[in-house]
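Under this note's numbering, read the sequence shown as residues 2 to 245, first letter to last. Ideal placement from N, C-alpha and C gives every residue a C-beta, glycine not left out. Structure first, commentary second.
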Amino acid sequence: MAGTDHPEEHGPAKRARSSKPVLGYWKIRGLASAIRYQLTYSGVAFDEEVYEQGDGPDFSRAAWNDVKNSQGLSYPNLPYLKDGDFALTESAAIHRYCAKKWCPELLCDDDLQAYGKAEMMWGVVCDIKALVTTRCYRSNYDRRALSEAMLPRFATIAGELNKQQFIAGDRLCCADFSFVELVEMMDFISEGDGVLFTQFPSIKRYRDRIFALPKLKEYYGEGEECPKLPFNNKVAQIGGSLED
């Protein structure tokens, strides 16, 4: 679904010729993988503009900082989405915009209670992800310590997933794409020893259910379109490379 280019290869003329939306982000999974999953599930072909953080010890962000004010963004930030002449930032806004345009059922806004729960779970997932990601960039955490500190925060969601198919009920919503990526990240942090899935079997069933969805199975599991990237930027203590 995705084509990847460096940002300098995307001039105005090239964007004008392309009908595909363009997702811009660091050369990592970070906040962009959930957007990639949602676009793929929605059947949307998209291109990417990729920015790579420099190597240590400086870990320069110049690849983005040098061009961010020339991207036509009102509030320059990563990730961004360019859709024709329209561009926006902030991952939550991007998820909702993409759902509204290409897969409205993901908003669950035809049912007030379903919509409310989907929005609630978006906040819950974002809170947990922020805690996990922040600690990946701190030197006082290793994988084991981070895993032990964060796993209890998955208990309530795991209990709900014993009773329902998806994170907000039995309907897929935008938050599912964010949560399944968080699940993948926690499995990586626990060094693939299965502790997350052993402790919470319902999360393993959920993870397998999401990646068995139409188009996602081919994208994530069987195809080569899903980029093989680290979870975090190079400066991170955990997840800054495919091995760390």
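- Comparing alpha-carbon positions, which option in Ala35, Ile129, Cys109 lies nearest Glu120? For the purposes of this step, residue 120 is taken as residue 119 along the sequence shown, with counting starting at 1. That would be Cys109, whose Cα lies nearest to the Cα of Glu120.
- Message: Taking 8 Å as the threshold (C-beta atoms), are Val236 and Tyr138 in contact?
- Response: Position 137 of the sequence shown, counted from the start, is the residue given in the question as residue 138. Position 235 of the sequence shown, counted from the start, is the residue given in the question as residue 236. Result yes, Cβ atoms of Tyr138 and Val236 sit closer than 8 Å.
- Item | Rounded Cβ spacing between Ser92 and Leu32 (contact assumed at less than 8 Å) | Locating residue 92 in the sequence shown gives position 91, where the first residue counts as 1. Locating residue 32 in the sequence shown gives position 31, where the first residue counts as 1. Sure, about 5 Å apart at Cβ, within 8 Å.
- Task: Check whether the Cβ atoms of Ile168 and Phe180 lie closer than 8 Å to each other.
- Result: In the sequence shown, the residue the question calls residue 168 occupies position 167. In the sequence shown, the residue the question calls residue 180 occupies position 179. Taking 8 Å as the Cβ cut-off, Ile168 and Phe180 qualify as a contacting pair.
- What's the call for Ala46, buried or exposed, on a 16-neighbour Cβ count within 10 Å? As a first step, residue 46 must be located in the sequence shown, where it is residue number 45. Exposed is the call here.
- Query: Below 8 Å between beta carbons: does that hold for Glu49 and Val23?
  - Reply: Along the sequence shown, one-based indexing puts residue 49 at 48. Along the sequence shown, one-based indexing puts residue 23 at 22. Yes; because the gap between Cβ atoms is below 8 Å, this pair is in contact.
- Message: I need the straight-line Cα distance from Pro58 to Gly241, nearest angstrom please.
- Response: Sequence index remark: in the sequence shown, residue 58 carries index 57 (1-based). Sequence index remark: in the sequence shown, residue 241 carries index 240 (1-based). Rounded to the nearest angstrom, the gap between the Cα atoms of Pro58 and Gly241 is 13 Å.
- Count the other C-beta atoms from every protein chain shown that fall within 10 angstroms of the C-beta of Glu244, then say buried if there are 16 or more, exposed otherwise. As a first step, residue 244 must be located in the sequence shown, where it is residue number 243. So Glu244 ends up on the exposed side.
- Item | Candidates Asp111, Thr157, Met186, of which the one nearest Arg136 by Cα | Looking up residue 136 in the sequence shown gives position 135. Closest option to Arg136, Cα to Cα, is Met186.
- Query: If Met122 and Ala176 are in contact, beta carbons under 8 Å, what's the gap, nearest whole angstrom?
  - Reply: The residue given as residue 122 occupies position 121 in the sequence shown. The residue given as residue 176 occupies position 175 in the sequence shown. Right, the Cβ-Cβ distance comes to about 4 Å (below 8 Å), so this counts as a contact.
- Leaving out the 5 sequence neighbours to the left and right, which residues in its chain are closer than 6 Å to Lys28 when beta-carbon positions are compared? In the sequence shown, the residue the question calls residue 28 occupies position 27. Sequence-distant Cβ neighbours of Lys28 in its own chain, meaning closer than 6 Å and more than five residues away, are Val51, Glu53.
- Message: Buried or exposed, going by whether 16 or more other CB atoms sit within 10 Å of the CB of Thr199?
- Response: Position 198 of the sequence shown, counted from the first residue, corresponds to residue 199. By the neighbour-count definition (other C-beta atoms within 10 Å, threshold 16), Thr199 is an exposed residue.
- Let me know the secondary structure DSSP gives Gly85 once reduced to three states. Start at 1 with the first residue of the sequence shown, and residue 85 comes out as number 84. In the structure shown, Gly85 sits in coil (DSSP, three-state: anything other than H, G, I, E or B).
- Cβ of Met122 within 8 Å of any chain D Cβ: Among the chains in the structure shown there is no chain D, since it carries only a single protein chain.
- From Lys229, Cys127, Leu162, pick the residue whose C-alpha is nearest to that of Lys205; which is it? For the purposes of this step, residue 205 is taken as the residue at position 204 of the sequence shown. That would be Leu162, whose Cα lies nearest to the Cα of Lys205.
- Going straight from the alpha carbon of Gln114 to that of Pro105, what length do you get? Numbered from 1 along the sequence shown, position 113 holds the residue referred to as residue 114. Numbered from 1 along the sequence shown, position 104 holds the residue referred to as residue 105. Straight through space, the alpha carbons of Pro105 and Gln114 are spaced by roughly 16 Å.
- Task: Determine the direct distance from the alpha carbon of Leu79 to that of Val68, and round the result to whole angstroms.
- Result: On the sequence shown, position 67 is the one that residue 68 refers to. On the sequence shown, position 78 is the one that residue 79 refers to. Approximately 12 Å between the Cα atoms of the pair.
- Below 6 Å CB to CB, which residues in the same chain sit around Lys102 once its five sequence neighbours on both sides are set aside? Along the sequence shown, read from residue 1 onward, the residue named residue 102 stands at position 101. So the list is empty, once near-sequence residues are dropped.
- Message: Which same chain residues end up closer than 8 Å to Glu9 when comparing Cβ atoms and leaving out the 5 residues on each side of it in sequence?
- Response: Here residue 9 refers to the residue found at position 8 when the sequence shown is read from its first residue. Any reading at Glu9 must be qualified, since the residue scores a pLDDT of 46, below 50, and its modelled position is unreliable; the value itself is stated next. Hits under 8 Å: Val68.
- Message: If you reduce the DSSP assignment to three classes, tell me which class Glu149 lands in.
- Response: Here residue 149 refers to the residue found at position 148 when the sequence shown is read from its first residue. DSSP places Glu149 in helix when its eight states are reduced to three.
- Give me whichever residues DSSP pairs with Thr90 in a beta bridge. Residue 90 sits at position 89 when you count from the first residue of the sequence shown. Tyr81, per the DSSP bridge assignment.
- Mind checking whether Cys99 and Leu173 have CB atoms under 8 Å apart? By 1-based counting over the sequence shown, the position of residue 99 is 98. By 1-based counting over the sequence shown, the position of residue 173 is 172. With contacts defined by Cβ atoms closer than 8 Å, Cys99 and Leu173 do not form a contacting pair.
- Classify Phe180 as helix, strand or coil using the three-state DSSP reduction. Reading the sequence shown from its first residue, position 179 is the one you call residue 180. Of the three classes helix, strand and coil, the one that applies to Phe180 here is helix, per DSSP.
- Query: Is it right to say Gly25 is buried, meaning 16 or more other beta carbons lie within 10 angstroms of its own, or is it exposed?
  - Reply: Locating residue 25 in the sequence shown gives position 24, counting from the first residue. Classification of Gly25: buried, given that the 10 Å Cβ count is 16 or more.
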